[in-house]
Amino acid sequence: MSKFFSAKYKNLTPYVPGEQPKEREYVKLNTNESPYPPSKKAVRLAEEEARKLLLYPDPDQKVLTSAVAESLGVKANQVIMTNGSDEVLNFAFMAYCDHTHPAVFADITYGFYKVFAEVNNLPYKIIPLNRDFTLSVDDYIKEEGTVFIANPNAPTGIPLPLSEIERLLVSNPERIVVIDEAYVDFGGDSAVKLVDKYQNLLVTQTFSKSRSMAGARLGMGIANEKIISDLNTLKYSLNPYNVNRMTSGAGLGAILDKEYFENNCKEIIATRENTANALKKLGFWMTESKANFLFIKHDKIGGQELYLKLKEKGVLVRHFDSERIKEFNRVTVGSPDQMRTFIKRIEEILEDNQ
Ligand code: PMP
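Using this note's numbering, the first residue of the sequence shown is number 343, and each one after it goes up by one.
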């Protein structure tokens with residue numbers, strides 16, 4: 343740290359992204375990327391936009407926003423496009439949290455929430471999940487602050503029923519509830535259908551997982567138009583050109599290629615269920631994940647040990663050090679081939695361990 347770094351950031355612990363190793367080829371199951379390439383239409387439209395890189399992108403993202411709105415069944419003024427969903431989440435922390443509205447979120451959830459609160463110097467309250475990692479909405483109904491819920495949650499994959507989200511929304515119309523739907527396309531129930539009904543709801547989604555575009559950085563917020571207008575005020579105050587031309591083109595192509603998207607989601611869900619069954623046969627315990635990952639542990643081998651042994655054998659999964667989940671690993675659902683290799687390596691490790 344330099345001596346010039348502002349005192350307000352001196353104690354900041356940044357978010358730690360999953361490893362992106364370069365030293366060798368891994369079966370990479372650690373950052374919940376899609377195993378399938380982006381849609382051909384997405385690549386073609388990104389290429390077309392690449393030829394226009396001399397010009398700034400449309401700051402309103404009119405074409406993409408309209409296409410996204412249409413595909414979600416909402417109006418264009420109910421959507422904002424952002425640089426990954428991380429950006430719209432950060433806007434939400436900035437827009438709706440302050441010293442009278444602390445951010446409220448679970449102890450085991452997306453690790454970036456805490457960082458967004460800290461970097462913006464916002465108070466936050468952490469609410470422990472139940473013992474089985476489910477979330478009790480009653481714990482949040484009591485709170486005054488702005489609530490952030492990943493649904494399905496990460497890294498557990500456990501979904502929260504929409505009826506529970508509605509119960510939270512109606513319990514206090516003065517409280518903003520942000521539902522982070524990064525993984526909703528793998529079997530969750532989206533709260534987008536509620537944005538006309540509740541003025542205090544903001545839903546965030548991403549192209550990073552189900553649309554195979556983690557490298558493009560494209561996400562969106564969906565809410566009533568007044569909320570979207572707040573978020574646009576922040577966007578135009580920070581980076582009006584937050585979505586670059588190539589990403590915008592790719593996003594449009596991905597939205598238009600609905601069939602490819604739906605097939606990939608179906609494949610990943612089927613692979614998730616097959617992998618879960620194979621792991622259960624090997625004695626693993628896991629949460630009921632509706633995301634593109636499994637959250638697993640085994641009585642005979644510790645979480646950290648399994649992570650390291652898999653890495654040695656060329657399979658990368660995600661291990662978290664925090665006390666409550668240190669015996670678990672989060673395993674991204676890859677292609678059937680990748681998952682066969684993963685299961686084989688697990689079998690070898692369990693055999694060696696006997
Ligand atoms: N929310 C959750 C729960 C996530 O796991 C992620 C991915 N790390 C994100 C949001 C952000 O994804 P992106 O910025 O790639 O859209």
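We put the beta carbon where it would ideally sit given N, CA and C, even for glycine.
Item: Quick one: give me the first and last residue of the alpha helix (DSSP H) that residue 569 is part of.; Value: 567-580
Item: Determine, using beta-carbon pairs with one atom in the region 399-413 and one in the region 584-595, whether at least three such pairs fall under 8 angstroms.; Value: yes
Item: Hey, could you find the ends of the beta strand (DSSP E) residue 522 is sitting in?; Value: 519-522
Item: In the region 522-559, which residue ranges form an unbroken beta strand (DSSP E) of at least 3 residues, counting only runs that do not cross its ends?; Value: 543-548
Item: Should the region 452-472 be called in touch with the region 435-443, which here means at least 3 C-beta pairs below 8 angstroms?; Value: yes
Item: Below 8 angstroms between beta carbons: does that hold for residue 357 and residue 453?; Value: yes
Item: Can you tell which of 624, 632, 535, 569 has the C-alpha that lies nearest to the C-alpha of residue 611?; Value: 632
Item: If contact is defined by three or more beta carbon pairs under 8 angstroms, each pair taking one atom from either stretch, is the region 375-392 in contact with the region 543-554?; Value: yes
Item: Around the ligand MN, which residues pass a check of Cβ closer than 5 angstroms to any of its heavy atoms?; Value: Looking for the ligand MN in the displayed structure turns up nothing; the ligands present are the ligand PMP.
Item: Take the Cβ of residue 586 as the centre, count every other Cβ of all protein chains shown within 10 Å, and call the residue buried at 16 or more, exposed below.; Value: buried
Item: Could you tell me which of 681, 644, 638 sits nearest to residue 609, measuring between CA atoms?; Value: 681
Item: Drop a sphere of 10 angstroms on the beta-carbon of residue 654, count the other beta-carbons inside from all chains shown, and report buried for 16 or more, exposed for fewer.; Value: exposed
Item: Ignoring anything shorter than 3 residues or poking outside the region 375-435, list the beta strand (DSSP E) runs there in chain order.; Value: 421-424
Item: Might you give, ordered along the chain, the residues of its own chain that have their beta carbon closer than 7 angstroms to the beta carbon of residue 399, omitting 5 neighbours on each side?; Value: 583, 585, 586, 587, 590
Item: Tell me which same chain residues have a C-beta within less than 6 angstroms of the C-beta of residue 479, skipping the five on either side of it?; Value: 506, 509, 510
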